[in-house]
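Going by the UniProt record's numbering, the sequence shown opens with residue 1, and the numbers climb by one from there. What follows is a single structure, written as structure tokens, with notes after it.
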Amino acid sequence: MRLLRSSFLLLLVALASACSRNVPSLVPKSGAPPSPRLEFRPPDDAVLTESLKSSVGRSSVPGTQDAELTTVTRFTPEQGGWLLTQRVTQARYTRDGAPVETLVDDVLTRFVLRVRLASDGTYLGMVEPEAALAALAAVAPAGQDVSPLEGFFAPDALEARTRSEWDLKYGGLYGRSWEPGARSYVVGTVPLGGREVTYLLERTFSGTVTTEHGEAMLFSLRCLEAPGADASPQVLEALSQAGNPELTPGVQCEGEQLLGRGRFIPVRRGLTLRATLDGETWTWAARSQLESLRASEEER
């Protein structure tokens, strides 16, 4: 109350002075609205259902390899931060449109992903990452060699991929205000042509748009070439945080991302990447779409 009273006194003094003398008023003038700010506020009273699609193609071979997933995600307050719980309800793989039988979808639909996040959305770590190997052991036929999948679902490998994916999509975007044209940078990787393609992704804030899930902030996405001596501090920091990896030459990508402004709502994200490896052009496209945001009681 004392602070409020002091503020009123200052305002009265300013008005009285302005009436008696030609001095600048201390009353704030209305100006441009504040820049929109992204805060990490997950919907702890609802579950998010998303569809995810990815495809890989190469210039020398017709057709593509495609994967489609449906995920259901919940956020629970825990220890001053958040516990993300995600399960895959549907998984489908095709090659040139024909279904492909694989153990991966069986593992994904059996394994529940759990990740701890800080209050600001910073990735902290997985909970029981070894559960993926347990799911693989439960579905693998007796006598079948599943060593490649064991490496893929190994706790360290799974932890690294999960952290990288979270940081690529959301790292550096929350807890700050955004003006149109403001940029953020992050390093990403994708396996193509038997190797790991490493790229530098630039995320540029374009403005706010209205969606069926409310107001959302729109970011345009593109890949940058390896930076030169005049690189910005933000670019150098992003590379340093990733361990200063060597970027794959000639990678091009474009896309966009829509994030809910009031709450953490991943409305939509799409990215198409092209890389020339040994004279052959590979194309990788990934799309995610929020299908529904429902109250927790509706999902039970």
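All C-beta atoms in this analysis are idealised placements derived from N, C-alpha and C, irrespective of residue type, glycine included.
Residue i vs residue j beta-carbon contact at 9 angstroms
i	j	result
T64	E50	no
C223	V251	yes
D66	S55	yes
L84	P77	no
G255	G270	yes
L108	M126	no
G81	L38	no
A238	L200	yes
A182	F205	yes
R203	S220	yes
R163	Y123	yes
P227	G207	no
S288	R74	no
Bridge-paired residues (DSSP) for residue i
i	result
Q144	Looking at the DSSP assignment, Q144 forms no beta bridge with any residue, so it has no partner.
A275	W282
R161	Note: R161 sits in no beta bridge, so no partner.
P191	E196
L201	V186 and C223
V113	A small fix is needed here, since residue 113 is Leu in this sequence, not Val. Per DSSP, Q86.
E254	R222 and T272
Which of helix, strand or coil DSSP assigns to residue i
i	result
E196	strand
S232	coil
S292	strand
G270	strand
L173	coil
E104	Before going on, a small fix: residue 104 reads as Val here, not Glu. Here V104 sits in helix by DSSP.
D120	coil
G260	strand
R151	Per the sequence presented here, residue 151 reads as Gly, with Arg not at that position. It is helical.
V127	coil
Spatial neighbours of residue i in its chain, beta-carbon cut-off 6 angstroms, leaving aside the 5 residues before and after
i	result
R21	Interpretation of R21 is limited by its pLDDT of 42, a score under 50 that renders its predicted location unreliable; the figure taken from the coordinates is listed afterwards. Contacts found: none.
D105	A91
L168	V186 and G188
L258	A216, L218, V267 and R268
V209	A216 and L218
P155	P129 and E130
residue 370	The first residue shown for the chain is 1 and the last is 300, placing residue 370 beyond what the model contains.
T198	T189, P245, L247 and T248
A286	S54 and L271
L273	C253 and W284
K235	The displayed chain sequence assigns Val, not Lys, to residue 235. Counting only Cβ-Cβ distances below 6 angstroms, and skipping sequence neighbours, we find Y185 and P227.
Close beta carbons around residue i, own chain, < 7 angstroms, minus the five adjacent residues each side
i	result
L293	P43, A46, L48, H213 and I265
G111	As written in the sequence, residue 111 is Phe, which differs from the Gly given in the question. If we look at F111 and ignore the five residues flanking it on each side, its Cβ neighbours are A131, A132 and A135.
F152	none
Proximal residues to residue i (C-beta, below 8 angstroms), its chain only, five neighbours per side dropped
i	result
G262	R41, G214 and E215
V146	L103, L136 and A140
P62	D96
E280	R58, S59, S60 and G193
P99	R92 and Y93
A160	none
L290	L48, T49, E50, H213, I265, P266, V267 and R268
- Item | Runs of beta strand (DSSP E) wholly within the segment 22-98 (minimum 3 residues, chain order) | 46-58, 61-78 and 81-95
- Message: My parser needs the alpha helix (DSSP H) runs of 4 or more residues fully inside the segment 204-252; what are they?
- Response: 233-241
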